[in-house]
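A.B. asks: Just passing along the structure, written as structure tokens.
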Amino acid sequence: MLNLKTVVKRLGFPILFFAFVWILFQNPGNVWIGYGFLSFFAFLGVLLERFIPFEKKWNLKDSDLGSDVVFFLIQPILAPLTGSLITLITIQLMNYYGIVSPNMQSKSLSFQVILGMFLSGLIPYWLHRFAHVGDGFLWRAHSIHHSPKRLYWMNAFRSHPINTIWNTAGLLLPSVFLGMSAEAVLIVGLLNNFVSIFNHMNIDFRLGFLNKIINMNELHRWHHSQIPSEGNNNYSSGALSIWDQVFGSYFFPKRKMDSQSVGLFNPESYPSRSLIKQFLFPICKCS
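Just so we're on the same page, the numbering used here is the position in the sequence shown counted from 1, plus 22.
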């Protein structure tokens, strides 16, 4: 007989996700409701980290907590600011060069959102994949996200400002270029944010076949492995895992991931003890 924890593991995320989808479509373009419910569902996720954790030890405090708080404070400010600037600059450049968008606003909101969800992950996928090649500028900017030895909700916000800027721009550009409505752009952004937060959470969700579609933590956890043959996969940065299947980087073995294998490929080269050096790392290779 199924117990409550088993039911939550199997159905918890689909219920939360599709409830959020329903709320967004009932209130299109309402920023306060959108971000308000995003915060509410994230809070529920934090509670679920205690109720059905993937790894109990990951819920304990560690040395990264102080820097996690810093990134948590920066990300919610930098990402929306970057999105607004990218939208403004893109529209101005299109007008200047006489580029006419297809004007998707004549299409239904559902069609715009589905198309936006699909396309928004393409540019970030390749930027993410290129970042994992070698130890150059892109990797040094991205490595800060892989430095912790555990995964929990705050990892979603642990991103170097440079990484945040390129990821936000990549997610947003297709929707702006196609002339999608502001309502569709907001919904696409919020759904990508929703999954990006939840796929780093220390929750033992079991999505089954949905892992082929949604880029959730059961799948994304493997990307944070310090074993290159495991970690150099699952590059999808948006809500969908489609591009990993298209480009052959989908990795989802049947075995359970070792919770001790999370972290950097070469941790000795990373300035883990200094937050200032972490910010400077992409530029000066400070260690």
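Beta carbons are placed, not taken as given, at the ideal position from N, Cα and C, and that holds for glycine.
Three or more C-beta pairs closer than 8 Å, one from the segment 94-104 and one from the segment 139-159: is that the case here?
C.D. replies: Taking 8 Å as the limit for Cβ pairs, the verdict is that the segment 139-159 does not touch the segment 94-104.
A.B. asks: Quick check on the burial criterion: 16 or more other C-beta atoms within 10 angstroms. Buried or exposed for Gly211?
C.D. replies: Counting Cβ neighbours within 10 Å, Gly211 comes out buried, since at least 16 surround it.
A.B. asks: Taking 8 Å as the cut-off, decide whether the C-beta atoms of Leu131 and Pro50 are in contact.
C.D. replies: Yes, Cβ-Cβ distance for Leu131 and Pro50 is below 8 Å.
A.B. asks: Using only the heavy atoms of the ligand NAD, determine whether one of them is closer than 7 Å to the beta carbon of Leu26.
C.D. replies: This structure simply doesn't include the ligand NAD, nor any ligand for that matter.
A.B. asks: Does DSSP classify Leu262 as helix, strand or coil?
C.D. replies: Three-state DSSP puts Leu262 in a strand.
A.B. asks: Whose C-beta lies closer than 6 Å to the C-beta of Ser218 among residues of the same chain, with five residues either side of it excluded?
C.D. replies: If we look at Ser218 and ignore the five residues flanking it on each side, its Cβ neighbours are Ala178.
A.B. asks: Do Ser169 and Tyr292 have their C-beta atoms within less than 8 Å of each other?
C.D. replies: Yes, Cβ-Cβ distance for Ser169 and Tyr292 is below 8 Å.
A.B. asks: On the three-state DSSP scale, how would you describe Val284?
C.D. replies: Three-state DSSP puts Val284 in a strand.
A.B. asks: Starting from Ala163 and walking both ways along the alpha helix (DSSP H), at which residues does that stretch end?
C.D. replies: Counting along the chain, the alpha helix (DSSP H) containing Ala163 begins and ends at Phe159 to His168.
A.B. asks: Distance, Cα to Cα, Met238 vs Phe47?
C.D. replies: Cα to Cα, Met238 sits roughly 22 Å from Phe47.
A.B. asks: Can you have a look at Gly120 and say buried or exposed, based on whether 16 or more other CB atoms are within 10 angstroms of its CB?
C.D. replies: Gly120 is exposed by the Cβ-count criterion.
A.B. asks: What's the gap between the Cα of His167 and the Cα of Ser128?
C.D. replies: Answer to the nearest angstrom: the Cα atoms are 39 Å apart.
A.B. asks: Short of 8 Å in beta carbon distance, which residues of its chain neighbour Asp157, apart from the five on each side in sequence? Order them along the chain.
C.D. replies: Excluding residues within five positions, the ones whose Cβ falls inside 8 Å are Asn288 and Ser291.
A.B. asks: DSSP state of Ile99, grouped into three classes?
C.D. replies: Correct three-state label for Ile99: helix.
A.B. asks: For the segment 222-237 against the segment 186-195, do three or more pairs of beta-carbon atoms, one drawn from each stretch, fall closer than 8 Å, so that the two count as touching?
C.D. replies: Judged by Cβ distances under 8 Å, the segment 222-237 makes no contact with the segment 186-195, as fewer than three pairs qualify.
A.B. asks: Can you check which of these residues, Leu144, Ser181 and Tyr118, is closest to Ile99 by C-alpha distance?
C.D. replies: Here the closest residue by C-alpha is Ser181.
A.B. asks: Three-state secondary structure (DSSP) at Ser181?
C.D. replies: Coil at Ser181, not helix or strand.
A.B. asks: By DSSP's criteria, Ile236 is part of a beta bridge. Which residues make up the other side?
C.D. replies: Ile236 pairs with Leu262.
A.B. asks: For a test of the three-state rule: what should DSSP assign to Ser132, helix, strand or coil?
C.D. replies: Note: Ser132 maps to helix in three-state DSSP.
A.B. asks: Drop a sphere of 10 angstroms on the beta-carbon of Gln282, count the other beta-carbons inside from all chains shown, and report buried for 16 or more, exposed for fewer.
C.D. replies: Gln282 should be labelled exposed.
A.B. asks: Would you list the one or two residues that DSSP bridges to Ser218?
C.D. replies: Paired residues: none, contrary to the question.
A.B. asks: How should Lys78 be labelled, buried or exposed, when 16 other C-beta atoms within 10 angstroms of its C-beta is the threshold for buried?
C.D. replies: Lys78 should be labelled exposed.
A.B. asks: For Arg243, which residues from the same chain have a beta carbon less than 7 Å from its beta carbon, with the 5 sequence-adjacent residues on both sides left out?
C.D. replies: Here the set comprises Leu173 and Met279.
A.B. asks: Is Pro146 near Leu208, with beta carbons less than 8 Å apart?
C.D. replies: Not in contact: Pro146 and Leu208 (Cβ atoms no closer than 8 Å).
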